[in-house]
Amino acid sequence: MIKVKRNVALVFIATLFSSLFSVTSANAADYRYWTFWVTTSDQWSFANEGAGTLKATDQMVTGWKFAITGADNGTPPNQSAVFAELCPDTSEQAGVLRVAVVVDFNDASVAPEGETPPSESLINCVTVNEGQTAADALNAAGLDVRANDGFVCGINGYPKEECGVEVPSTATETTEAETQADTPVVIAENEEVTESSNTDLQLIALAAVLVVGLAIVLRMRKKKNN
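Encoded structure:
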């Protein structure tokens, strides 16, 4: 019986942990930066390895897209992911690797305040040597690349200064707006309610219950040992 109660308590505490993380993740921010893409079977896929270490291969296609990402990796570049379509005139050469470099500046919806993205995307067909990387291919494209510790911050002057900044989560804003629309809120006269104060109260309450839950488990364990 003690074992059953102990298991129930553990499940209860695990649920509390999940609730705690869901509250904090609801306030998570997105990030705006140059996302890096590669191709798999002629389809774009978000790169799982940085351009500085990803080795170039012949007829490799790399993509750079300025975007805002959060829970997902955003959308890939709008251009083709097929080397033959991007670089039809780049013939095979002995001793070198052919790489297509696609740069998608995206649109004004993700642009930093006061900046306008270039209207045209760029497609560059370059060659690099064996052992060189996707970052080397980007540099070989003759673009003005601004980087910080290997992280690409800007391409051809866009954006002007920022480098991988945190921005408000659009997904969170949408969820909050839907919740507010579906849930009636009654506020007493002269009462002020803020999102941050509500969140703090939720976290404090969850933490308090979590402490109590842990105490229950420890007490059960002590009884069992006795």
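Under the working numbering, the first residue of the sequence shown carries the number 158, and numbering increases by one thereafter. The beta-carbon is built from N, C-alpha and C at its ideal position, and this holds for glycine as well. Here the structure is a predicted model, which is why all the values come from computation and not from measurement.
By DSSP's criteria, Q200 is part of a beta bridge. Which residues make up the other side? DSSP lists T197 as partners of Q200.
Taking the continuous alpha helix (DSSP H) assigned at E242, which residues delimit it? Note, E242: alpha helix (DSSP H), F240 to L243.
Which residues in the same chain have their Cβ closer than 8 Å to the Cβ of Y315, if we skip the five residues on either side of it in sequence? Apart from sequence neighbours up to five positions away, the residues of its chain that approach Y315 with a beta-carbon distance below 8 Å are F223, F262, E272, P274 and P275, ordered along the chain.
Determine the contact status of R303 and T284, defining contact as a CB-CB distance below 8 Å. Not a contact, by the Cβ cut-off of 8 Å.
Taking the runs of the beta strand (DSSP E) that are 3 residues or longer, which of them lie wholly in the segment 254 to 314? For the segment 254 to 314, whole beta strand (DSSP E) runs of length 3 or above, ordered along the chain, are 279 to 286, 302 to 305 and 308 to 312.
Where K222 falls: helix, strand or coil (DSSP): Three-state result, K222: strand.
Secondary structure at E249, three-state DSSP: helix, strand or coil? In the displayed model, E249 falls within coil according to three-state DSSP, outside both helix and strand.
With burial defined as no fewer than 16 other Cβ atoms inside 10 Å of the residue's Cβ, what is the status of S326: buried or exposed? S326 comes out buried.
A257 versus L300: straight-line alpha-carbon distance, rounded: Spanning the alpha carbons of A257 and L300 requires a straight line of approximately 13 Å.
Contact set for V322: own chain, Cβ-Cβ below 6 Å, skip 5 residues either direction: For V322, where only same-chain residues beyond five positions count, the Cβ hits under 6 Å are R189.
Pairing CB atoms from the segment 231 to 247 with CB atoms from the segment 290 to 300, are three or more of them under 8 Å? Touching, no, given that fewer than three Cβ pairs across the two stretches are closer than 8 Å.
Taking the Cβ atom as the reference point for each residue, do W221 and F203 lie within a distance shorter than 8 Å? With a cutoff of 8 Å on beta-carbon distance, W221 and F203 are scored as not near each other.
Burial state of D187, where buried means 16 or more other Cβ atoms lie within 10 Å: When all chains shown are included, D187 counts as buried.
T210 versus Q289, A251, V324 and W201, residue with shortest Cα-Cα distance: Ranking the options by Cα distance to T210, first place goes to Q289.
State the DSSP-derived secondary structure class of E323, mapped to helix, strand or coil. Looking at E323 - three-state DSSP - the assignment turns out to be strand.
Using a 10 Å radius around the Cβ and a threshold of 16 neighbouring Cβ atoms, would you call G252 buried or exposed? So G252 ends up on the exposed side.
Just how far apart, CA to CA, sit F308 and I225? F308 and I225: Cα-Cα distance of roughly 16 Å.
Measure from the alpha carbon of V260 to the alpha carbon of each residue in P234, K317, E318 and Q200, then state which is nearest. Comparing Cα positions, the closest option is P234.
So what does DSSP say about D187, is it helix, strand or coil? Under the three-state reduction of DSSP output, D187 falls in the strand class.
Would Q200 be called buried (16 or more neighbouring beta carbons within 10 Å of its own) or exposed? Flag for Q200 reads exposed.
Spatial neighbours of D246 within its chain, please: CB distance less than 8 Å, with the 5 preceding and 5 following residues excluded, ordered by chain position. Closer than 8 Å at the Cβ level, and outside the excluded window around D246, lie C282.
Look at S278 and Q236 and say whether their C-beta atoms are less than 8 Å apart. Judged by beta-carbon spacing, Q236 lies within the 8 Å limit of S278, meaning their Cβ atoms are closer than that value.
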